[in-house]
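Written below as structure tokens is the structure these notes are about.
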Ligand code: G6P
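Numbering (the numbering used here), first residue to last: -3 to 605.
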């Protein structure tokens, strides 16, 4: 989703800003722009629809000299992707970039038009820059004008502003959309994600909700939501833990699929004893809080929601604790009753997903016993605002379609199941068995990845198809859901998932030779039932592709393709069966020639509703 980069330096900044935008490309966007203040010619901007490379060409043709600047990648919300809707937006000598949505933009627009402002775009963002300009006319101070303007805004923003009349500074503000200050020597930067600035610094100060900052080359100052001066901690980022390049792989997604054994090893490190899960890993307060938990409510979006769906089977099945799961965008707008002693668990790769964050904030006003975030990004809003957190340790995930973040979320959720189950239905022998399965997991994933060539061959059968149906039963149903999501996200093939027992209640009507049906079939207690469901498909001429346990007794026949998956323990089966589905969607996308890492219309981090 939208990205912001800004710089106040003593050297030319346009190349730094451009590189920052490139590093944010993975988040998804549809236009890009930049404004720089030149001491000679004042404020100038370049914009381009499409990729950052188009903006780079525009800059090559017509460079932007200057030492203070802001840049943006826009993901259209109000108004189509176009140069005039792309940021920065201007008002006189002031330029502004914005992430988020201003909900009262229509009323503000009317008010500003009444004051004589003419709008150049259809965006909600343009109201902010005119508002700042309006207040600037009264006080000739950019910081004061921004502080004044944000009090008129309803909605979410991360914003950065420059002013040609005060060329040595940048003002930024955050509410509902992240911003970080990157600290250099004699130069400072800002961005919506620290990854954008890793080429210039490894020291970062994260702004908190309601903060406004003034950033100059030699210093920066921060005020909190009550307009009191505050000092935000400076964090040094560990370079080794962050490597955001593709290495030998053609796409980030493939790299991230293959990283799963190592990142799962990392996410288990320090959390598993030889026979026990070390629940201290959830934080010092964890034991005290978890022992009183009687219910769990999980809230998440997208792939993270599917992780929550899997966890429901574990938390109820292994721990014996009632568990509800809901997508955040529904949860936050619904009336419901909070059960006694409920732990609210949010799951999010980014920790900045607007709906998940809003759900957490809502929960904090209700009667939940505690909140726990399962998240991949240290210092994200979700982590900072939760009582407990469990980091997934997947490292930066760049491909928009989530892979390693999902499987590491599942690992974290198994740890949570044990941590809660201990006070309920999980006995020591069961915990020991789970720990044994987890120790074996990374190698089993490596073994499953070796099915890649067979899966690549299988993918040929999908390249010309327009629809696909994914089936699973029990805990494998959410695995099938995640498989369908992966296929639709990156290959644009319409894919649906169903619990196989529901086949007869509708989807069977769709089955014919043009509808490939994919099933995940571990050797579990539901296997025989699943087999009957699959026969219903075969009997109707459907083409079946089954990922089945070696010992499940499936045999290839016309219309039935089998890929044998290693035999694994029940608890880790959802992780193992996810792997072939990730590989299948990847290979189908390659055949279809889509943009695997940045699929059309999608964003990595959805920071608006
Ligand atoms: C977007 C991404 C998905 C992700 C979802 C939730 O839709 O494209 O990959 O699953 O957001 O994101 P989160 O960061 O909260 O896990």
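Beta carbons: idealized from backbone N, C-alpha and C, even for Gly.
Values in this document were obtained by computation on a predicted structure and should not be read as measured data.
Proximity test, residue i beta-carbon vs ligand 1 heavy atom, cut-off 6 Å
i, result
"residue 349", "yes"
"residue 398", "yes"
"residue 319", "no"
"residue 352", "yes"
"residue 507", "no"
"residue 433", "no"
"residue 345", "yes"
"residue 300", "yes"
"residue 168", "no"
"residue 323", "no"
"residue 598", "yes"
"residue -2", "no"
"residue 371", "no"
"residue 602", "yes"
Residue from the options whose Cα sits closest to the Cα of residue i
i, options, result
"residue 536", "412, 88, 282, 499", "499"
"residue 260", "71, 403, 286", "403"
"residue 59", "19, 9, 46", "9"
"residue 525", "176, 469, 216", "469"
"residue 36", "45, 13, 61", "61"
"residue 413", "316, 49, 347", "316"
"residue 216", "172, 12, 198, 167", "167"
"residue 485", "44, 307, 569, 399", "399"
"residue 394", "7, 386, 593", "593"
"residue 100", "588, 444, 121", "121"
"residue 25", "38, 50, 5, 3", "50"
"residue 155", "256, 186, 513", "186"
"residue 446", "388, 575, 382, 80", "575"
"residue 475", "39, 540, 406, 503", "406"
"residue 433", "87, 532, 551, 268", "268"
"residue 309", "172, 76, 471, 439", "471"
"residue 462", "179, 487, 85", "487"
"residue 230", "340, 357, 263, 179", "179"
"residue 209", "273, 105, 224, 455", "224"
"residue 90", "104, 314, 294, 158", "158"
"residue 491", "392, 480, 128", "480"
"residue 444", "-1, 560, 342, 48", "560"
"residue 213", "88, 182, 515", "182"
"residue 184", "64, 438, 79, 514", "64"
As assigned by DSSP and simplified to three states, the class of residue i
i, result
"residue 556", "strand"
"residue 127", "helix"
"residue 420", "coil"
"residue 222", "coil"
"residue 345", "coil"
"residue 281", "coil"
"residue 205", "coil"
"residue 313", "helix"
"residue 335", "coil"
"residue 597", "coil"
"residue 171", "strand"
"residue 529", "helix"
"residue 84", "coil"
"residue 512", "strand"
"residue 330", "coil"
"residue 27", "strand"
"residue 439", "helix"
"residue 502", "coil"
"residue 361", "coil"
"residue 584", "helix"
Same chain, Cβ closer than 7 Å to residue i, five either side skipped, listed in chain order
i, result
"residue 251", "242, 243, 245"
"residue 374", "387"
"residue 566", "520"
Residues near residue i by beta carbon distance below 8 Å, same chain, minus five either side
i, result
"residue 55", "10, 14, 30, 42"
"residue 297", "323, 324, 325, 344, 349, 351, 352, 602"
Spatial neighbours of residue i in its chain, beta-carbon cut-off 6 Å, leaving aside the 5 residues before and after
i, result
"residue 473", "495"
"residue 408", "370, 386, 388"
"residue 254", "none"
"residue 518", "545, 569"
"residue 221", "206"
"residue 113", "126"
> Looking at C-beta atoms only, is the number of pairs between the segment 27 to 35 and the segment 197 to 213 that lie closer than 8 Å three or more?
Replying inline: No, because fewer than three Cβ pairs between the segment 27 to 35 and the segment 197 to 213 fall closer than 8 Å, the two stretches do not touch.
>> Across the segment 283 to 294 and the segment 402 to 422, are there enough close Cβ pairs to call them in contact, namely three or more that are closer than 8 Å?
In response: Touching, yes, given that three or more Cβ pairs across the two stretches are closer than 8 Å.
> Just checking, does the segment 117 to 132 make contact with the segment 65 to 83 on the three C-beta pairs under 8 Å criterion?
Replying inline: Because the criterion of three Cβ pairs below 8 Å is met, the segment 117 to 132 and the segment 65 to 83 touch.
>> With a threshold of 8 Å, are at least 3 pairs of Cβ atoms found where one atom belongs to the segment 442 to 459 and the other to the segment 547 to 555?
In response: No: the two stretches stay apart, fewer than three of their Cβ pairs being nearer than 8 Å.
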